[in-house]
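Have a look at the structure below, then the notes.
Chains as they are written, first to last, in my numbering: chain A, 359 to 1061; chain B, 205 to 458.
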């Protein structure tokens, strides 16, 4: 059954390819358009042509559309192809398609297929990807783990770059005959570009694995910042190369430049982000163009920083993070959805196009091969990344509440797939004799990491989990109590204000509340009465009911449990207690806005909304001073949920000041209202709904 | 900042003379043989100097007059709980920060201001643990006494061994955790209480039957005397393999 769509897809792409393959020759030869057209017209001087083909008129957009169409169809085919997405990362499949296309074009035209120019990559294809990553960054998690992320991204990248660069230079010195003309600077340049890691590609394989939120944000944040650092270093080394000679002063200036570039990008991003937030305040009368401002301002920040030779990636990420909370508060529901969908769409298309072009560009006759260089690069990449992670982690573990376990370290180190940035940076190098060698090596490294590492990481991690579990099987009590302790310690540290972290965060929140929100958010959006009530009741409920004895349930007779039950208990505990804050976040996904949580789970909290909404009609009194605080805390949560779901937002937007309408709204929320399959169990849980209120939002968050 | 100053001013003004008396009393006591608590306290002047350095560096909100004199019963608290002066100052700053109205004591609402705590599955229990059943006010000494449970067990083992019932011993820590489970304070964790905690932690992801069977299994594993509930000794025994001492520590800014 799966074969049919797949064959259909291949046929379709093949036919598109045929058209595409035939047309490019005209792209590269000097356009004879004038001559051809005039001759066509000359052939039929008097009769009117009923049917004519004028390709050159639409050539450029036509080709672009064809490529995008190919990329999208490949993506579609990939997701239709059954078990493949679970085993093979999407990037693999896209590269294979690209190879196929490249091969076809090469076969048809007997010359190199078109390649992607580095400019179009950096100006058109990269910004959507980075913007998407920045916009959907879970803000609070990111800032909580910012130290660790910076540690891995900045220090780790420096370690990798210097390590790979210097050891490659060593290899070149060892083989002077073939590699003698590669200077140290070139090696460093190559090291800087090959260290750019794109682990997000790997995360798509993890949909079924347990990626706890800590690992997720570490990997995610590291990949973002790592890209920024890599590009900065690359440009630095490139400018060194252009200097006649490099002195110590130049190195010092270079380091200053790195700092300036980074901070400059940051401030530029902040500036544009605040501007965007301010503009979005006034879009209530023209809601349709509100999403446009998000994209325009972000892109503008990127272009401006590129113009000033600052870090464009940092700028666009900062811009997205800054404007997100204000824009979401200001614009309408539909605009928010549009923004998110467009972001996902563009980044998806960009990424797909990049990988396809990667495949296509592999089929070239410009390759230069050198066994020692290529093999040593591969080994060194793995080696330096592994040692970097292993060395950096113990230091950071001392300062963290939740240690980065060995399993996490393995995932971070082994999951360092190279991707598009390496690929385009290598094309940007100024021409020198061994440039082709660099290109070949880069392509080989990318292919190796994407295919070999990408496909083997999941089985290896599962092996690691199994081995780890075999050694220590904690009892159920131990697991429960340990997790209880974790929550307790988290709470205590929040009370004590662990490490002064909360000091800065609280300061910022106060500043935010007093000045920024008043300035940047529309007046009528600053307080939401219905959610005030909800929050307050929930928190009162949580505090009060926890002490009250629960409903008397008949005690089940105590009997020894069967081993199958024991196994299932262990499985439940390991799956659900695994993530520290009980949030089982799905890995960041380029394909979907809604995380693909099973539908019965999605409907449970909605059902509970209804039962809960009915109970609170009488308790609608709230102290006035709680407004801001509640809104903030809700916003903090809603901010995360916003990234991943559409449903929860409608409950915020469309509420009026009565709880009755809440009920009707939440009842109309589910897009496909099917009968609740496990009504019995949720009826049971209805008895103690108050306790679950805080988890409603949590669960919606994880959707 | 102004709140803090007010607090210090009002507290300090009233009891400043008393503090000075106490301080001088302490100082005179120190010249005598070391106190039975076994805590080697250097002369107070040196301590105060240390405080000024540490207090100023540790708390960015410090107003500069960061000496132990402003904390009522500071010396006594130090001895009782084992916190160092710097830690005590830091806790005092945090207390002042949480006490937004400058009342001098905390109410449950102040704890609920801490956003992360409200999102914690057992946040409600933690807040309730700070406030004994009838009282709705928490003053600074009580605050510190509860937090003393989480002081790291020091390297200086001899000090702690002298007082096995000290708050931050392993027993003390486990007792605190036990009381969080045991909401009705009958000295046992019943199946129901365990079920409540499980529900809070696992929440929506697990069905009621599964929760019940997990709680059942946990009680079975720990229950030695067969009364269907977990007493404190059984609780301790079930956790003997777990390194609780290092888990239940708050790491302070050094």
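Glycine is no exception: its CB is placed at the ideal position from the N, C-alpha and C atoms.
In three-state terms, what does DSSP make of residue i?
| i | result |
| --- | --- |
| residue 1062/A | Limits of chain A in this structure are 359 at one end and 1061 at the other, which puts residue 1062/A out of reach. |
| residue 555/A | strand |
| residue 776/A | strand |
| residue 310/B | strand |
| residue 730/A | helix |
| residue 334/B | helix |
| residue 494/A | coil |
| residue 847/A | helix |
| residue 1027/A | Bear in mind that the predicted position of residue 1027/A carries a pLDDT of just 39, short of 50, making it unreliable; the figure below should be weighed with that in mind. Coil at residue 1027/A, not helix or strand. |
| residue 485/A | helix |
| residue 407/A | coil |
| residue 613/A | helix |
| residue 305/B | coil |
| residue 397/B | helix |
| residue 752/A | helix |
| residue 260/B | At residue 260/B, the pLDDT of 37 sits below 50, so the modelled position is not reliable; the number obtained from the coordinates is stated separately. Note: residue 260/B maps to helix in three-state DSSP. |
| residue 762/A | coil |
| residue 584/A | helix |
| residue 875/A | helix |
| residue 323/B | helix |
| residue 421/A | helix |
| residue 387/B | coil |
Hey, how far is the Cα of residue i from the Cα of residue j?
| i | j | result |
| --- | --- | --- |
| residue 467/A | residue 781/A | 24 angstroms |
| residue 337/B | residue 389/B | 10 angstroms |
| residue 528/A | residue 552/A | 17 angstroms |
| residue 1064/A | residue 714/A | No statement about residue 1064/A is possible, as the shown extent of chain A runs from 359 to 1061 and does not include it. |
| residue 844/A | residue 446/B | 13 angstroms |
| residue 473/A | residue 446/A | 25 angstroms |
| residue 823/A | residue 375/B | 33 angstroms |
| residue 790/A | residue 873/A | 54 angstroms |
| residue 395/B | residue 430/B | 12 angstroms |
| residue 582/A | residue 670/A | 12 angstroms |
| residue 542/A | residue 595/A | 10 angstroms |
| residue 482/A | residue 536/A | 37 angstroms |
| residue 576/A | residue 739/A | 20 angstroms |
| residue 308/A | residue 661/A | The requested residue 308/A is not part of the displayed model; chain A covers only 359 to 1061. |
| residue 412/A | residue 420/A | 12 angstroms |
| residue 707/A | residue 416/A | 21 angstroms |
| residue 383/B | residue 816/A | 42 angstroms |
| residue 387/B | residue 501/A | 35 angstroms |
| residue 850/A | residue 293/B | 17 angstroms |
| residue 695/A | residue 507/A | 29 angstroms |
| residue 959/A | residue 621/A | Only weak support exists for where residue 959/A lies, its pLDDT of 36 falling under 50; the value from the coordinates is given anyway. C-alpha separation (whole angstroms): 44 angstroms. |
| residue 240/B | residue 315/B | Only weak support exists for where residue 240/B lies, its pLDDT of 45 falling under 50; the value from the coordinates is given anyway. C-alpha separation (whole angstroms): 36 angstroms. |
| residue 385/B | residue 300/B | 29 angstroms |
As a quick exercise: from the options, pick the residue whose alpha carbon is nearest that of residue i.
| i | options | result |
| --- | --- | --- |
| residue 509/A | 456/A, 774/A, 587/A | 587/A |
| residue 592/A | 606/A, 619/A, 625/A | 619/A |
| residue 309/B | 348/B, 321/B, 448/B | 348/B |
| residue 748/A | 490/A, 735/A, 762/A | 762/A |
| residue 848/A | 525/A, 582/A, 880/A, 760/A | 760/A |
| residue 777/A | 572/A, 836/A, 812/A | 812/A |
| residue 451/B | 298/B, 296/B, 377/B | 377/B |
| residue 546/A | 521/A, 538/A, 535/A, 533/A | 521/A |
| residue 274/B | 285/B, 289/B, 324/B, 420/B | 289/B |
| residue 801/A | 767/A, 852/A, 726/A | 726/A |
| residue 352/B | 854/A, 867/A, 438/A | 854/A |
| residue 774/A | 676/A, 736/A, 440/A | 736/A |
Is the Cβ of residue i closer than 9 angstroms to any Cβ of chain D?
| i | result |
| --- | --- |
| residue 288/B | Looking at the structure shown, chain D is missing, and the protein chains on hand are A and B. |
Based on the DSSP secondary-structure assignment, which residues constitute the bridge partners of residue i?
| i | result |
| --- | --- |
| residue 435/B | 392/B |
| residue 342/B | 310/B |
Answer yes or no: the CB of residue i versus the heavy atoms of the ligand SAH, is any distance below 8 angstroms?
| i | result |
| --- | --- |
| residue 505/A | Looking for the ligand SAH in the displayed structure turns up nothing, as the structure carries no ligands at all. |
Margin query: Please give me, in chain order, every unbroken run of the alpha helix (DSSP H) with length at least 4 that falls completely inside the stretch 526 to 551 of chain A.
Written below: 534 to 537
Next item on the list: Would you list, in sequence order, the uninterrupted alpha helix (DSSP H) runs of no fewer than 4 residues that lie entirely inside the stretch 667 to 724 of chain A?
Entry: 670 to 688, 691 to 720
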